[in-house]
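Notes follow once the structure below has been shown.
Numbering (our numbering), first residue to last: 2 to 441.
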């Protein structure tokens, strides 16, 4: 079955129209400024003071505001209030008055401007080391005028990478379940937004209850479950074309789907003949392979970034715990042995950590552990928290949270170090988030 959804038009235009080009060379720091960087170790507690001047030209103020918000939410930067700036006559091609910025204890300074060339928006910026009095980075991005926000995210990613040494995560999207209606008559629609909550689009109309949406590695397709009067079915949606296709799977209860890292297959759980097991299906050939054969409930599979391992949830040991196995279903081993019930395990993009949900003592927790189950750490706790998903760089985890009985779900983020717990800028009820890779 193939369905075309008109709701995808705005998303398709955004993706098809965006061709962000770096047209200026990177200007790296001189030896005097090479020491300016942000520590991202778990013990880091001192955000770097950084000033983002108002960009001049088209969308200048909006771009500056988006960059400030991105960097502030990361928790690694102390974004300074523009009202404190002593120098305001900024020119991207002229070195700033460094003494003015040292007075307000600025360490890094961003200056930028926008313009229009051949009908396209062009934005250039400079990143300055205030105490080293030298330029650290200079770039220019180009896109259509309507995609100024993506340029702001690209600028944010470039600054983040230069100052932390890590890839950024701001130019990415989140798919999630947007919730509305009463608790007894809940409407759950599939939705996509920028990672900062902007540009939300609804991908389904609410006539079906959607669950477990996840992107493929390229961020161009979404797989999700849908509750119907005939059971739970799987669908794959192509964002560019706006088409969705049903995935033919065994049984009437298929759920917890995810793409494999190469995007060629879907791994999922299915209830067949009274047993819930894990399957993998090739989207190219249609081949279906059963990976587990156990009378227990095996669910929520996730494949490691290298495609060699799968983590999943099972009660085969008497309580709900996290297990791992080889990609062909062999070598099953238990990873969690502590108190509580463990579920929704998901690999980090780097493959070094696994995030999970734990229920313990009447509370739910979001935690991480090493790939072998060691070094377990709890990052967040509340009446209900579950469904962790990783930012593209493996630095931040998003999850759903309910503060108490009867309260709606909302989306939250926490740093992998356990600091910087924040509510997502998306203010409406939402659940089941899935973070995309960096957009192409």
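Glycine included, C-beta positions come from ideal geometry on N, C-alpha and C.
The residue from 76, 204, 110 with its alpha-carbon nearest to that of residue 245 is 204.
Listed as beta-bridge partners of residue 141 by DSSP are 125.
Put simply, of 369, 100, 225, 215 the residue whose alpha carbon is nearest the alpha carbon of residue 358 is 369.
Nearest Cα to residue 433 within the set 305, 257, 417, 277: 257. Nearest to residue 73 by alpha-carbon distance, out of 137, 37, 278, 158, is 158.
In this structure the segment 175-184 lies against the segment 404-419, because at least three pairs of beta carbons, one per stretch, are closer than 8 Å. Here the alpha carbons of residue 326 and residue 302 stand approximately 10 Å from one another. Here residue 364 is exposed, its C-beta having fewer than 16 other C-beta atoms within 10 Å. The Cβ-Cβ distance between residue 89 and residue 128 does not fall below 8 Å. A direct Cα-to-Cα measurement between residue 109 and residue 131 gives close to 6 Å.
With distances taken between CA atoms, residue 93 lies nearest to 56 out of 56, 147, 422.
In this structure, residue 271 keeps its C-beta atom at 8 Å or more from the C-beta atom of residue 287. Counting along the chain, residue 61 sits inside the alpha helix (DSSP H) bounded by residues 61-75. A direct Cα-to-Cα measurement between residue 101 and residue 134 gives close to 12 Å.
By the Cβ neighbour-count rule, residue 275 is exposed, with fewer than 16 other Cβ atoms within 10 Å of its own. Inter-residue distance for residue 421 and residue 191 is about 27 Å (C-alpha atoms, whole angstroms). Ranked by Cα distance from residue 266, the options 273, 242, 236 are led by 236.
About 5 Å separates the beta carbon of residue 68 from that of residue 156, a gap short enough to meet the 8 Å contact definition. DSSP, read as helix, strand or coil, puts residue 87 in coil. Each of 339, 324, 103, 65 was checked against the Cα of residue 346, and the nearest Cα belongs to 324. When the alpha-carbon of residue 285 is set against those of 356, 264, 293, 206, the nearest one is in 264. For residue 293 and residue 427, the gap between their C-alpha atoms comes out near 38 Å.
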